[in-house]
Amino acid sequence: MSSNVYITNIAAFLPNGPVANDAMEQILGWATSRPSRTRKIILRSNGIRQRYYAIDPQTGRASHTNAELTTEAVRRLGRQGCPLKELEVLACGTTLPDQLMPNHGVMVQGELGLPPCEVAATAGICVSGIMALKYGYLSVRAGESSNCVATGSENVSSLLRGHVFSGGTEPAEKPAQKAHELAFAKDFLRWMLSDGAGAIWLSHRPKKDSISLRIDWLVQRSYAGEMAPCMYAGAEKMEDGALRGWRAFLPQEWLARSIFAIRQDVKLLNEKIIEYTVTRPLAELVGQKKLNPARIDWFLPHYSSEFFRDKVYAGMQSAGCEIPQEKWFTNLSSRGNTGSASIYLILEELFNSGRLCKGEKLLCYVPESGRFSTAFMHLTVV
């Protein structure tokens, strides 16, 4: 028997203090023998003023693991009154767990010391967080459980630090222009990504004494059948667009070729991200009558850079889904781009702000450039 599913509590955790633009390279370190030439250019474009890193600014050492970041967010749900000892399902999404195995979800359960419960971990990049939420949503909706904690978290700074890049050189057979493009693809993301975690309590009942968010629907689409990889780590991209994974390289090549550095095909991103994560999926939703843009009171977009804000808007207009920008809510400039955690952090700030009113409708947007996926979630304040 299906049941409505409600978000009743949302919590967030951001490690250490905020890091301003001018302090970033001091925390992360130089990737070469001199400061980055592209940092200021990228920061002017992305509009991020501050972000958070799981790095102790005094020692330069990691202050939290990914599992610890997630655990802190879940503990804050407990402080809000959520009965963690009665938790039935834990679903955790992240781009970069602390280890290849076991999965991220069971590591979080272990950190929390939770009693036996169902645990799942979702893989991916930005979409992994909202797919963890969908796992919990479907479990509660199907009547398999009465509650769930879903999380999104990132500890990406561990792969952005200078020493990760300092030993890497592009293969000699690469032409100079190609080597320059690959170097930019690696440096680009150092000034885009940061750390954080969010946690959501899902229930088959709304709260009695304050607002809840009813999940009306959650739709995800992947276009990997049409598109080549665009954002990747643990691999090299070949001339034909295919990825050669880390297991195909000798261990000494992992450092020499910066195999585990996160890279972005910026050209492909700029050419295709709006078509495949905004226009096409929104046109489908509008065509199916699942979405009426005129009834949306709040649009919560996770975009990686302010560079894309007007492009997202134009893509929405092309899809017949115009939502005026005065209805948009984002905290990219103050909390940074935290990947799978971003939509949790956006929802947490708005949900706990006192600005939501019963009956209002929210549309959440989560794109992923990995191989071009996107997710949209429709919520109603009750």
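In the working numbering, the protein residues as written are 7 to 388. Here a beta-carbon is modelled for each residue, glycine too, at the ideal position from N, C-alpha and C.
Pairwise C-alpha distance: Gln-294 and Gly-53:
35 Å
Assign Pro-257 to one of two classes, buried (16 or more other C-beta atoms within 10 Å of its C-beta) or exposed (fewer than that).
exposed
Straight-line Cα distance separating Gln-270 from Leu-49:
16 Å
At what residues does the beta strand (DSSP E) containing Val-155 begin and finish?
153-160
If contact is defined by three or more beta carbon pairs under 8 Å, each pair taking one atom from either stretch, is the segment 208-226 in contact with the segment 278-298?
yes
Which term fits Lys-140, buried or exposed, when burial requires 16 or more other beta carbons within 10 angstroms of its beta carbon?
buried
Roughly how many angstroms separate the alpha carbons of Glu-31 and Ala-97, rounded to a whole number?
34 Å
Could you give the uninterrupted runs of the alpha helix (DSSP H) lying entirely in the segment 111-148, keeping only those of 4 residues or more?
133-147
Which residue comes first and which comes last in the beta strand (DSSP E) that contains Phe-357?
Not the beta strand (DSSP E): Phe-357 falls in the alpha helix (DSSP H), residues 348-357.
Which class does Glu-74 belong to by DSSP, given the choice of helix, strand or coil?
helix
Which of helix, strand or coil does DSSP assign to Val-372?
strand
Buried or exposed: which applies to Glu-354, given that a residue is buried once 16 or more other Cβ atoms fall within 10 Å of its Cβ?
buried
Please check the pair Cys-154 and Gly-142, which I expect to be a contact at CB under 8 Å, by giving their CB distance rounded to whole angstroms.
3 Å
Grab the span of the alpha helix (DSSP H) containing Arg-45 for me, first residue to last.
45-52
Inter-stretch contact (C-beta, 8 Å, three-pair minimum) for the segment 370-382 and the segment 120-138
yes
Ala-389 versus Ala-17: straight-line alpha-carbon distance, rounded
With the chain covering 7 to 388 only, the question about residue 389 has no answer from this structure.
Quick one, are the C-beta atoms of Ile-329 and Phe-305 less than 7 Å apart?
yes
For Phe-314, which option in Pro-212, Val-272, Leu-118 has the closest C-alpha, if you only look at C-alpha atoms?
Val-272
In this structure, does DSSP put Pro-307 in helix, strand or coil?
strand
For Pro-122 and Ile-352, the rounded distance between their alpha carbons:
30 Å
Spatial neighbours of Arg-263 within its chain, please: C-beta separation below 6 Å, excluding the five flanking residues on both sides.
none
By the DSSP assignment, the beta strand (DSSP E) with Val-388 in it spans what residues?
Looking at the DSSP string, Val-388 is not in any beta strand (DSSP E), and its letter there is neither H nor E.
Inter-residue spacing [alpha-carbon to alpha-carbon] between Ile-349 and Ser-339:
14 Å
Alpha helix (DSSP H) segment containing Gln-331, residue limits
No alpha helix (DSSP H) holds Gln-331; DSSP gives it neither H nor E.
Sub-7 Å separation of Leu-90 and Gly-99 beta-carbons:
no
What residues match up with Cys-98 in a beta bridge as DSSP calls it?
Ala-127, Thr-157
Secondary structure at Glu-176, three-state DSSP: helix, strand or coil?
Since pLDDT at Glu-176 reaches only 49, below the 50 mark, its modelled position is unreliable, and no value is offered.
If you follow the beta strand (DSSP E) that Leu-249 is part of, which residue opens it and which one closes it?
249-251
Does the Cβ-Cβ distance between Ser-310 and Asp-193 come in under 7 Å?
no
Measuring straight from C-alpha to C-alpha, what distance separates Asn-27 and Val-114?
31 Å
Return the bridge partner residues of Leu-224 from the DSSP annotation.
Met-383
Tell me the DSSP secondary structure of Ala-68 in three-state form.
strand
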